[in-house]
Amino acid sequence: MKILVTGGAGFIGSNFIHYWLKKYLADSIVNLDALTYAGNLENLCDLENNQNYQFVKGDICDTGLVNEIVKDIDLIVHFAAESHVDRSIMDSGDFIRANVEGTRVLLDAAKNNGQIRFHHVSTDEVFGSLRPNDKPFNEKTAYDPRSPYSASKAGSDHLVRAYFHTHKLPITISNCSNNYGPCQFPEKVIPLFITNLLENKKVPVYGEGKNVRDWIYVDDHNAGVDAIIKKGKIGETYCLGGDSELTNLALTKKILELMDQGEDMIEYVADRPGHDLRYAMDYTKAKQELGWEPKVNFADGLLKTIAWYKHNKVWWQNIKNGKYLEYYKKNYSKR
Ligand code: NAD
Ligand code: DAU
Numbered sequence: 000m001k002i003l004v005t006g007g008a009g010f011i012g013s014n015f016i017h018y019w020l021k022k023y024l025a026d027s028i029v030n031l032d033a034l035t036y037a038g039n040l041e042n043l044c045d046l047e048n049n050q051n052y053q054f055v056k057g058d059i060c061d062t063g064l065v066n067e068i069v070k071d072i073d074l075i076v077h078f079a080a081e082s083h084v085d086r087s088i089m090d091s092g093d094f095i096r097a098n099v100e101g102t103r104v105l106l107d108a109a110k111n112n113g114q115i116r117f118h119h120v121s122t123d124e125v126f127g128s129l130r131p132n133d134k135p136f137n138e139k140t141a142y143d144p145r146s147p148y149s150a151s152k153a154g155s156d157h158l159v160r161a162y163f164h165t166h167k168l169p170i171t172i173s174n175c176s177n178n179y180g181p182c183q184f185p186e187k188v189i190p191l192f193i194t195n196l197l198e199n200k201k202v203p204v205y206g207e208g209k210n211v212r213d214w215i216y217v218d219d220h221n222a223g224v225d226a227i228i229k230k231g232k233i234g235e236t237y238c239l240g241g242d243s244e245l246t247n248l249a250l251t252k253k254i255l256e257l258m259d260q261g262e263d264m265i266e267y268v269a270d271r272p273g274h275d276l277r278y279a280m281d282y283t284k285a286k287q288e289l290g291w292e293p294k295v296n297f298a299d300g301l302l303k304t305i306a307w308y309k310h311n312k313v314w315w316q317n318i319k320n321g322k323y324l325e326y327y328k329k330n331y332s333k334r
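Numbering that gives the first Met the number 0 puts the sequence shown at residues 0 to 334.
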């Protein structure tokens with residue numbers, strides 16, 4: 000198979016490319032990524048000489064480029080998006096453009112170039128916010144997005160389903176909970192807190208830290224995407240979760256404990272506007288139909304993640320001081 004991965008220089012996409020090329024030796028991957036602030040070619044520098052991997056710097060909204068690239072593609076796995084909720088609160092323009100219009104351009108290219116199989120990577124946030132005793136989200140939960148980010152992802156999910164119903168495009172969708180693991184940009188809570196502590200800085204907990212997230216190790220998410228691509232039913236959506244619900248305060252205390260730091264390193268700061276209280280996923284459908292379930296237990300995954308950030312200081316220091324932008328400009332210009 001020749002696969003187009005969009006957003007493959009980001010956190011989950013780069014982990015997906017490594018996962019896939021290691022598992023399916025006969026497949027090749029084209030990675031289309033605009034290298035926004037979140038895209039980092041250092042995540043993929045070990046693949047520079049891999050014959051089965053090609054990088055194209057470009058925007059998923061560029062209709063001409065996208066139509067050119069998909070000509071000999073068998074499968075599109077669509078990760079590219081603006082992904083950070085706080086940024087969408089500050090300015091939602093890029094989110095609507097990349098997440099809604101970008102998805103529309105890819106869907107049209109898939110439709111107009113031989114009905115290319117299309118997997119869309121989405122989020123649990125499209126379902127809104129749960130109260131403490133509500134049942135977890137599942138595939139039948141009504142959409143109720145509450146941030147500009149989740150609204151733009153909801154829009155993209157609806158478009159993907161509309162192309163299935165209207166144009167018979169062979170699509171699947173996954174909605175997944177909060178990922179963590181290597182190469183996550185240090186604006187997201189886990190890498191931000193780990194790298195702050197490594198720099199001896201305090202960790203900013205929003206509000207009282209009572210909001211709950213369900214954490215899944217990035218390889219488990221990508222194994223779920225793999226299972227959907229191989230065994231999922233066309234036109235269907237699958238919820239993926241990590242079985243690891245934690246309040247932000249409990250998460251923070253675990254990180255502090257594993258990094259031998261005290262609670263004096265917590266700084267309570269103003270809450271995120273419209274902060275969703277709780278996300279949780281019921282992944283029974285994926286388990287029953289695909290035989291998928293998360294394998295990495297949260298304590299082990301968090302330890303591995305802390306170890307990765309400890310051993311890859313240059314990676315995140317280059318991001319925090321802006322140097323990684325120079326790295327990819329220099330390396331990209333060689334191609
Ligand atoms: P990320 O921000 O780390 O990476 C996004 C990548 O997309 C970057 O490499 C960026 O350069 C690229 N990109 C952005 N706009 C683009 C455009 N217009 N054209 C081409 N490339 C563009 O994000 P992530 O955390 O890896 O998330 C990947 C996908 O998974 C997103 O669709 C996100 O909504 C979804 N998701 C994320 C999580 C999570 O916890 N991080 C959970 C569920 C679903
Ligand atoms: O649920 C899946 C979603 O998870 C993905 O779709 C998004 O792309 C991804 O960014 C993530 O969204 P969250 O908003 O849940 O992730 P974030 O890491 O930004 O925040 C996690 C929780 O931690 C949230 O309740 C806000 C809180 N937080 C976050 C930051 C950055 C803090 O308390 N302090 C912080 O500094």
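For glycine and all other residues, C-beta sits at the position ideal for the given N, C-alpha and C.
No experiment lies behind these values; they were computed from the predicted model shown.
Item	Value
DSSP beta-bridge partners for Pro135?	BP columns for Pro135 are empty, so no partner.
So, is Met0 buried or exposed, given that buried needs 16 or more other C-beta atoms within 10 angstroms?	exposed
So, is Gly261 buried or exposed, given that buried needs 16 or more other C-beta atoms within 10 angstroms?	exposed
Taking 7 Å as the line, does the beta carbon of Ser176 fall inside it for any heavy atom of the ligand DAU?	yes
Under 8 Å Cβ to Cβ from Leu386, same chain only, skipping five residues before and after it: list those, please.	Nothing about residue 386 can be read from this structure; the chain reaches only from 0 to 334.
Looking at Ser82 and the ligand DAU, is the gap between the Cβ and the nearest heavy atom below 7 Å?	yes
Suppose you measure from the CA of Glu138 to the CA of Asp225; what does that come to, to the nearest Å?	18 Å
CB of Leu40 to nearest heavy atom of the ligand GTP: below 7 Å?	Looking at this structure, you won't find the ligand GTP anywhere; what it does contain is the ligand NAD and the ligand DAU.
Can you name, in chain order, every residue of its own chain whose Cβ lies under 6 Å from the Cβ of His166, other than the five neighbours on each side?	Lys110
What do you reckon, are the CB atoms on Asp143 and Gly127 nearer than 8 Å?	yes
Given that a residue counts as buried once 16 or more other Cβ atoms are within 10 Å of its Cβ, and exposed if not, what is Ala8?	buried
Give a single yes or no on whether Asn98 has its beta carbon closer than 7 Å to a heavy atom of the ligand DAU.	no
What does the alpha-carbon distance come out to for the pair Leu191 and Phe136?	27 Å
Specify the secondary structure class of Phe78 as computed by DSSP and reduced to three states.	coil
Please go through the region 38-117 and give each complete alpha helix (DSSP H) segment of 4 or more residues, from N-terminal end onward.	62-68, 84-89, 101-111
How would you label Arg212, buried or exposed, when you count the other beta carbons within 10 angstroms and need 16 or more for buried?	buried
Compute the Euclidean distance between the alpha carbons of Val202 and Asp156, then round it to the nearest angstrom.	34 Å
Looking only at its chain, what residues have a beta carbon closer than 7 Å to the beta carbon of Leu105, apart from the 5 residues adjacent to it on each side?	Thr5, Ile59, Val65, Ile75, His77
According to the Cβ coordinates, are Ser173 and Ser121 closer than 8 Å?	yes
Can you tell me where the beta strand (DSSP E) holding Thr5 begins and where it ends?	1-5
Can you tell me where the beta strand (DSSP E) holding Val202 begins and where it ends?	202-205
Roughly how many angstroms lie between the CA atoms of Arg271 and Asp85, to the nearest whole one?	7 Å
The ligand NAD heavy atoms versus the CB of Thr5: any closer than 7 Å?	yes
Do Cys238 and Met280 come within 8 Å of each other at the CB atom, strictly closer than that value?	yes
If you drop the 5 nearest sequence neighbours on each side, which residues of the same chain put their C-beta closer than 7 Å to that of Trp314?	Glu41
Leaving aside the five residues before and after Arg96 along the sequence, list all residues of the same chain whose C-beta is less than 7 Å from its C-beta, in chain order.	Cys60
What residues are listed by DSSP as bridge partners for Glu266?	Pro203
For Val211, name the three-state secondary structure that DSSP assigns.	strand
Over the uninterrupted beta strand (DSSP E) stretch that includes Asn178, give me the two end residues.	177-179
Let me check one thing: in DSSP terms, what residues is Cys238 bridge-paired to?	Asn174
Less than 8 Å separating the beta-carbons of Leu20 and Asn49?	yes
For the alpha helix (DSSP H) that contains Asn221, what are its first and last residues?	217-230
On the CB-based measure, 16 or more other CB atoms within 10 Å of its CB, does Asn14 come out buried or exposed?	buried
Please give me, in chain order, every unbroken run of the alpha helix (DSSP H) with length at least 4 that falls completely inside the region 263-303.	283-289
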